[in-house]
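Peer 1: To start, I am sharing the structure in question, which I have written as structure tokens.
Protein chains: 2
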Amino acid sequence: MKAIVLRELGDVENLKLEEMPDPQPGSDEVVVRLKAAALNHRDVFIIQKLYPNIKLPAILGSDGAGVVESIGEAVDPAWLGREVVIEPGLDWGPDDHLQARGYRILGMPEDGTFAEKIRIPAANLHPKPPHLSFEEAAGLPLAGLTAFRSVSTRAKVQAGETVLVTGIGGGVALFAMQIARQLGARVIVTSSSDEKLEMAKKLGAEGGANYKNPDWGKEVVALSGGAGPDVIIDSAGGETLETAVKIIKPAGRIVFYGATTGLARNLDLYRFFFKQLTMMGTTMGSPREFASLVKMYTDAGLTPVIDHVFPLAEAPQAHRRMAQAGQFGKIVLKIE
Amino acid sequence: MKAIVLRELGDVENLKLEEMPDPQPGSDEVVVRLKAAALNHRDVFIIQKLYPNIKLPAILGSDGAGVVESIGEAVDPAWLGREVVIEPGLDWGPDDHLQARGYRILGMPEDGTFAEKIRIPAANLHPKPPHLSFEEAAGLPLAGLTAFRSVSTRAKVQAGETVLVTGIGGGVALFAMQIARQLGARVIVTSSSDEKLEMAKKLGAEGGANYKNPDWGKEVVALSGGAGPDVIIDSAGGETLETAVKIIKPAGRIVFYGATTGLARNLDLYRFFFKQLTMMGTTMGSPREFASLVKMYTDAGLTPVIDHVFPLAEAPQAHRRMAQAGQFGKIVLKIE
Numbered sequence: 004m005k006a007i008v009l010r011e012l013g014d015v016e017n018l019k020l021e022e023m024p025d026p027q028p029g030s031d032e033v034v035v036r037l038k039a040a041a042l043n044h045r046d047v048f049i050i051q052k053l054y055p056n057i058k059l060p061a062i063l064g065s066d067g068a069g070v071v072e073s074i075g076e077a078v079d080p081a082w083l084g085r086e087v088v089i090e091p092g093l094d095w096g097p098d099d100h101l102q103a104r105g106y107r108i109l110g111m112p113e114d115g116t117f118a119e120k121i122r123i124p125a126a127n128l129h130p131k132p133p134h135l136s137f138e139e140a141a142g143l144p145l146a147g148l149t150a151f152r153s154v155s156t157r158a159k160v161q162a163g164e165t166v167l168v169t170g171i172g173g174g175v176a177l178f179a180m181q182i183a184r185q186l187g188a189r190v191i192v193t194s195s196s197d198e199k200l201e202m203a204k205k206l207g208a209e210g211g212a213n214y215k216n217p218d219w220g221k222e223v224v225a226l227s228g229g230a231g232p233d234v235i236i237d238s239a240g241g242e243t244l245e246t247a248v249k250i251i252k253p254a255g256r257i258v259f260y261g262a263t264t265g266l267a268r269n270l271d272l273y274r275f276f277f278k279q280l281t282m283m284g285t286t287m288g289s290p291r292e293f294a295s296l297v298k299m300y301t302d303a304g305l306t307p308v309i310d311h312v313f314p315l316a317e318a319p320q321a322h323r324r325m326a327q328a329g330q331f332g333k334i335v336l337k338i339e
Numbered sequence: 004m005k006a007i008v009l010r011e012l013g014d015v016e017n018l019k020l021e022e023m024p025d026p027q028p029g030s031d032e033v034v035v036r037l038k039a040a041a042l043n044h045r046d047v048f049i050i051q052k053l054y055p056n057i058k059l060p061a062i063l064g065s066d067g068a069g070v071v072e073s074i075g076e077a078v079d080p081a082w083l084g085r086e087v088v089i090e091p092g093l094d095w096g097p098d099d100h101l102q103a104r105g106y107r108i109l110g111m112p113e114d115g116t117f118a119e120k121i122r123i124p125a126a127n128l129h130p131k132p133p134h135l136s137f138e139e140a141a142g143l144p145l146a147g148l149t150a151f152r153s154v155s156t157r158a159k160v161q162a163g164e165t166v167l168v169t170g171i172g173g174g175v176a177l178f179a180m181q182i183a184r185q186l187g188a189r190v191i192v193t194s195s196s197d198e199k200l201e202m203a204k205k206l207g208a209e210g211g212a213n214y215k216n217p218d219w220g221k222e223v224v225a226l227s228g229g230a231g232p233d234v235i236i237d238s239a240g241g242e243t244l245e246t247a248v249k250i251i252k253p254a255g256r257i258v259f260y261g262a263t264t265g266l267a268r269n270l271d272l273y274r275f276f277f278k279q280l281t282m283m284g285t286t287m288g289s290p291r292e293f294a295s296l297v298k299m300y301t302d303a304g305l306t307p308v309i310d311h312v313f314p315l316a317e318a319p320q321a322h323r324r325m326a327q328a329g330q331f332g333k334i335v336l337k338i339e
């Protein structure tokens, strides 16, 4: 099979299309013929050496959709030939609250989805939502899972609430907006790009604030009707979290799944307890949450937002686009 | 009636015993003949001008127990002559998650419990737990309520969990220890005083660490059996919260009701989300929580820890003791 192989860290140009041996399924495994894969920041961070314990050579990629091509002897034969989307986590463990110590994500150290074929446990198979193309379905897994856990499991967003999603355009943020709206919430967004704010409004955001404006927090309060959002979903950390504590409605919930701008040096703890706030950290999600995500997208007919589709061989260009953070939605690799 | 009146801020010596007019109950109010009152840091902070909007003259005091002496025409006559403990909050409002805007605590601007008599809404009356003396019952209200909300409502401590209570000796911390134990948890404590650690162990703490030792966090992890506590109840903020994020068990809950040492400038947000942590701010508690607190102390026969009982006239000495933070338990004023 052909695969994108990373043999050296440092630059996206090191992603090379190579001929690799075809994977073979173990007893409770399957091999999926991939039709599309999608990028995550994780892939860029690995290439940029920002993670510890990187093992090379590696086939990156956590997100994929395709057709089940072969199965191990312990696998239900009904899976053969089915169109599937792949759950990206391995060995989450029994506790929905927390990943087990051995939990990991497809794509380093296990071979990932930037390839024509992938070998995975049959337990990671989910039927592709029928209304989605392979490209759209491939965009769902890791970002959708992170957003689902943030919005549904952790924040427990309720119908009628107002949810602020910061940094719209990123994969998780767009899923968070869709999921919050599906749960009946009003969504406000922030971005450094007025163009992205307009695009988010076309997708259902009630309003947006450009965080280059130092008064963006006041804008959000005004957009929320004056009382501030009930819930804030963030991955910026730093001053964004500090502003979140100021503008959120009392008894509100802040959920963050990253801290890309660093630590929050001036988080107002006094306001935090007087306002009875809750702040939750979250990462990835459990198999049960992934199943709920796929069901929600299937039942409600939701469609992941796709930024751009590149052919597999153009993986370096795709990763450069992600590293430059100009995208609005998932960046996808189409695998012919 | 006699009352301790504050006519000038700045020093505990300004608390003067004076003759004041007897209060008269309104239609849905009662007058309680107080037998004991208890101090809170709030009283010291007011005297030290650390709060905004202080109105003088004031009768301070949020905690009290006594006997119902007279009632308004709309009050159930069964209350007359009953021994009661007083709920310290006024106008919490309908939402258990959050105090209403007009919420306030007895003792400035309303006259408080450092007096022979107090006028309160009948809704604030609760039968005194029969096994408690008036001095013990007077120690329960504000600190017990804050602890109950922290441990039960917010942290939702479960039987078998390990709870770290920092700064043992303070009123809220001791109630948090009792309530966590009553819910079936193991309790570990910290203090800057080995003597207080020993006293806490006699009251049921499984172990204690002196936070003057820079490795106190490691000590707590060892005392917890190696995995760290499930729950941390804190009011120090600052570096204590930073250590809390490091030592708490993954998926753990941190609840804080104060930040006496200031902001947490190096709160590790990366560890926070990777460990799936939750941090909750809390203050005071609702009428429903106060009723649950009194029920718990009544049903389980729990007794608030009393540090020292002063006569009402020695209110300045009592407040000096609190300001010096040497106490272990509640400081009480006995009212003859």
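Chain order of the listed sequences is Z and Y.
One point on numbering: in the numbering used here, the residue at position 220 of the first sequence is 223, and numbering is uninterrupted.
One point on numbering: in the numbering used here, the residue at position 2 of the second sequence is 5, and numbering is uninterrupted.
Where a beta carbon is used, it is the ideal one built from N, C-alpha and C, also for glycine.
Please name the residue or residues paired with Y/L167 in a DSSP beta bridge.
Peer 2: Its beta-bridge partners are Y/I191 and Y/I235.
Peer 1: I need the boundaries of the beta strand (DSSP E) containing Z/V35, first residue and last residue.
Peer 2: Run containing Z/V35: E32 to A41, per the beta strand (DSSP E) assignment.
Peer 1: Could you run through the segment 90-106 of chain Z and flag, in chain order, every residue whose CB is less than 7 Å away from some CB of chain Y?
Peer 2: Cβ contacts with chain Y: H100 and L101.
Peer 1: Under 8 Å, CB to CB, which of the residues in the segment 278-293 of chain Z have a partner in chain Y?
Peer 2: Within the segment 278-293 of chain Z, the qualifying residues are K278, Q279, L280, T281, M282, M283, G284, T285 and T286.
Peer 1: Are Y/Q279 and Z/L101 touching if we call contact CB-CB under 8 Å?
Peer 2: In contact: Y/Q279 and Z/L101 (Cβ atoms closer than 8 Å).
Peer 1: Are the CB atoms of Y/A338 and Y/A40 nearer to each other than 8 Å?
Peer 2: Checking the sequence, you will find Ile at residue 338 of chain Y rather than Ala. Yes; because the gap between Cβ atoms is below 8 Å, this pair is in contact.
Peer 1: Are the C-beta of Z/A267 and some C-beta of chain Y separated by less than 8 Å?
Peer 2: True, the Cβ-Cβ gap to chain Y drops below 8 Å.
Peer 1: Comparing the C-beta of Y/F48 with each C-beta of chain Z, is any distance below 8 Å?
Peer 2: Chain Z, which has no Cβ nearer than 8 Å to the Cβ of Y/F48, makes this no.
Peer 1: Quick one: list the residues of chain Y neighbouring Z/F178, beta-carbon separation under 9 Å, in chain order.
Peer 2: Within chain Y, no residue comes near Z/F178; the closest Cβ sits about 17 Å away, beyond 9 Å.
Peer 1: Considering only their Cβ atoms, is the gap separating Z/E11 from Z/L63 smaller than 8 Å?
Peer 2: Their beta carbons are not under 8 Å apart, which means Z/L63 does not touch Z/E11 by this criterion.
Peer 1: Shortest alpha-carbon distance to Y/L186 belongs to which of Y/V166, Y/A176, Y/G13 and Y/F117?
Peer 2: Nearest option by C-alpha distance: Y/V166.
Peer 1: How long is the line joining the alpha carbons of Z/I171 and Y/G105, rounded to whole angstroms?
Peer 2: Approximately 37 Å between the Cα atoms of the pair.
Peer 1: Would you call the segment 60-80 of chain Z and the segment 117-125 of chain Z touching, i.e. three or more CB-CB distances under 8 Å?
Peer 2: Yes, they touch.
Peer 1: Check each candidate in Z/G69, Z/D98, Z/G96 and Z/W95 and name the one with the smallest Cα separation from Z/I89.
Peer 2: For the residues Z/G69, Z/D98, Z/G96 and Z/W95, the minimum Cα distance to Z/I89 belongs to Z/G69.
Peer 1: What do you get for Z/A103, buried or exposed, if any count of 16 or more other CB atoms within 10 angstroms of its CB means buried?
Peer 2: Exposed, by the Cβ-count rule.
Peer 1: Okay, do the segment 215-223 of chain Z and the segment 16-32 of chain Y touch, 3+ Cβ pairs below 8 Å being the bar?
Peer 2: No: fewer than three Cβ pairs fall under 8 Å.
Peer 1: What residues from chain Z crowd round Y/G240, counting only those whose CB sits closer than 8 Å?
Peer 2: Residues of chain Z passing the Cβ test: L272.
Peer 1: So with Cβ pairs under 8 Å, would you call Y/F151 a contact of chain Z?
Peer 2: Not one chain Z Cβ lies under 8 Å of Y/F151.
Peer 1: List, in chain order, every chain Y residue whose beta-carbon is nearer than 9 Å to that of Z/G261.
Peer 2: Simply L272, Y273 and F276.
Peer 1: Of all the beta strand (DSSP E) runs that stay within the bounds of the segment 61-94 of chain Y, which reach a length of 3 or more residues?
Peer 2: Runs of the beta strand (DSSP E) inside the segment 61-94 of chain Y: 66-74 and 86-89.
Peer 1: Measure the alpha-carbon distance for Y/G261 versus Y/V192 and round it to whole angstroms.
Peer 2: For Y/G261 and Y/V192, the distance between alpha carbons rounds to 17 Å.
Peer 1: Take the Cβ of Z/H134 as the centre, count every other Cβ of all protein chains shown within 10 Å, and call the residue buried at 16 or more, exposed below.
Peer 2: Its Cβ having fewer than 16 others within 10 Å, Z/H134 is exposed.
Peer 1: For chain Z, find out if any of its Cβ atoms is closer than 8 Å to the Cβ of Y/A254; answer yes or no.
Peer 2: Interface residue, yes.
Peer 1: By DSSP's criteria, Y/I49 is part of a beta bridge. Which residues make up the other side?
Peer 2: In DSSP, Y/I49 forms no bridge with anything.
Peer 1: Expressed to the nearest angstrom, what Euclidean distance is found between the alpha-carbon atoms of Y/E119 and Z/L226?
Peer 2: The straight-line gap from Cα to Cα measures roughly 51 Å.
Peer 1: Under 6 Å Cβ to Cβ from Z/P112, same chain only, skipping five residues before and after it: list those, please.
Peer 2: Contacts found: K58.
Peer 1: Using a Cβ-Cβ cut-off of 8 Å (strictly less than) and excluding sequence neighbours within five positions of Y/I224, which residues of its own chain qualify?
Peer 2: It should be pointed out that residue 224 of chain Y corresponds to Val in this sequence rather than to Ile. If we look at Y/V224 and ignore the five residues flanking it on each side, its Cβ neighbours are A230, G231 and I250.
Peer 1: Using the C-alpha atoms, what's the distance from Y/G211 back to Y/K205?
Peer 2: Using only the alpha carbons, I get a separation of about 11 Å.
Peer 1: Beta-carbon within less than 6 Å of Y/P314's beta-carbon, same chain only, minus the 5 sequence neighbours each way: which residues are those?
Peer 2: Within the same chain, Y/P314 has close Cβ partners K337.
Peer 1: Distance, Cα to Cα, Z/S3 vs Z/K38?
Peer 2: With chain Z represented from 4 up to 339, any question about residue 3 of chain Z goes unanswered, as that position is not in the structure.
Peer 1: Please identify the residue among Z/V234, Z/E222, Z/G174 and Z/P24 whose C-alpha is closest to the C-alpha of Z/V190.
Peer 2: When only C-alpha atoms are compared, the closest one is Z/V234.
Peer 1: Would you identify the three-state DSSP class for Y/T246, choosing helix, strand or coil?
Peer 2: The answer is helix: DSSP assigns Y/T246 an H, G or I state.
Peer 1: Would DSSP call Y/V160 helix, strand or coil?
Peer 2: Correct three-state label for Y/V160: coil.
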